[in-house]
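Only one structure is covered here, and it is reproduced in the block below.
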(Lines of atoms letter the chains of each structure in order from A and count residues from 1; the text may use other names and numbers.)
(Lines give C-alpha, C1' and ligand atoms only; values in the text may rest on other atoms or scores of the structure.)
Protein backbone atom coordinates (compact mmCIF):
# COMPACT_ATOMS: atom_id res chain seq x y z
CA UNK A 1 0.00 0.00 0.00
CA UNK A 2 1.16 3.52 -0.77
CA UNK A 3 -0.37 6.39 1.15
CA UNK A 4 -0.30 10.00 0.04
CA UNK A 5 -1.52 13.35 1.25
CA UNK A 6 -4.57 14.43 -0.78
CA UNK A 7 -4.60 17.87 -2.39
CA UNK A 8 -7.22 19.10 0.07
CA UNK A 9 -6.87 21.03 3.32
CA UNK A 10 -9.18 18.52 5.03
CA UNK A 11 -7.23 15.46 3.89
CA UNK A 12 -5.44 13.14 6.29
CA UNK A 13 -1.65 13.45 5.99
CA UNK A 14 0.09 10.48 4.38
CA UNK A 15 2.01 9.51 7.52
CA UNK A 16 -1.19 9.38 9.59
CA UNK A 17 -2.90 7.22 6.96
CA UNK A 18 0.13 4.91 7.01
CA UNK A 19 -0.25 4.52 10.78
CA UNK A 20 -3.90 3.54 10.31
CA UNK A 21 -2.94 1.04 7.60
CA UNK A 22 -0.37 -0.55 9.92
CA UNK A 23 -2.94 -0.78 12.72
CA UNK A 24 -5.40 -2.66 10.51
CA UNK A 25 -2.80 -5.16 9.37
CA UNK A 26 -0.99 -3.78 6.32
CA UNK A 27 2.60 -4.91 6.75
CA UNK A 28 4.17 -2.94 3.90
CA UNK A 29 3.17 0.71 3.67
CA UNK A 30 5.07 3.35 1.71
CA UNK A 31 4.47 7.03 2.47
CA UNK A 32 4.41 9.49 -0.44
CA UNK A 33 3.80 13.17 0.15
CA UNK A 34 1.93 13.82 -3.11
CA UNK A 35 -0.50 11.93 -5.29
CA UNK A 36 1.91 12.18 -8.20
CA UNK A 37 4.81 10.72 -6.23
CA UNK A 38 2.55 7.90 -4.99
CA UNK A 39 1.55 7.12 -8.58
CA UNK A 40 5.16 7.24 -9.74
CA UNK A 41 6.17 4.82 -6.98
CA UNK A 42 3.31 2.47 -7.85
CA UNK A 43 4.25 2.48 -11.53
CA UNK A 44 7.89 1.72 -10.70
CA UNK A 45 6.83 -1.19 -8.46
CA UNK A 46 4.33 -2.64 -10.95
CA UNK A 47 5.33 -5.39 -13.33
CA UNK A 48 4.16 -5.40 -16.95
CA UNK A 49 1.05 -7.51 -16.22
CA UNK A 50 0.09 -5.60 -13.04
CA UNK A 51 -2.63 -3.02 -12.59
CA UNK A 52 -2.34 0.04 -10.36
CA UNK A 53 -5.41 0.74 -8.24
CA UNK A 54 -6.05 4.28 -7.02
CA UNK A 55 -8.49 4.53 -4.13
CA UNK A 56 -9.51 7.29 -1.80
CA UNK A 57 -11.25 10.59 -2.15
CA UNK A 58 -12.25 12.27 -5.39
CA UNK A 59 -9.40 14.72 -4.73
CA UNK A 60 -6.90 11.87 -4.95
CA UNK A 61 -8.48 10.25 -7.99
CA UNK A 62 -8.81 13.57 -9.84
CA UNK A 63 -5.11 14.28 -9.25
CA UNK A 64 -4.00 10.76 -10.16
CA UNK A 65 -5.99 10.42 -13.38
CA UNK A 66 -4.16 12.97 -15.57
CA UNK A 67 -0.80 11.87 -14.17
CA UNK A 68 -1.46 8.22 -14.99
CA UNK A 69 -3.02 8.96 -18.39
CA UNK A 70 0.05 10.95 -19.39
CA UNK A 71 2.15 7.85 -18.74
CA UNK A 72 -0.23 5.25 -20.15
CA UNK A 73 1.15 2.68 -22.55
CA UNK A 74 -0.78 2.45 -25.78
CA UNK A 75 -1.65 -1.10 -26.82
CA UNK A 76 -2.48 -1.97 -30.44
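In UniProt numbering, the protein residues as written are 1 to 76.
All C-beta atoms, glycine included, are put in the ideal place defined by N, C-alpha and C.
Comparing C-alpha distances from residue 33 to each of 7, 57, 45 and 55 shows the shortest one belongs to 7. When the alpha-carbon of residue 44 is set against those of 60, 63, 65 and 71, the nearest one is in 71. For residue 31, same chain residues with a beta-carbon under 6 Å away, outside a window of 5 residues either side, are 3, 14, 15 and 18 in chain order. For residue 21, the secondary structure class from DSSP, reduced to helix, strand or coil, is helix.
Distance from the Cα of residue 46 is smallest, within the candidate group 56, 68, 27 and 57, for 68.
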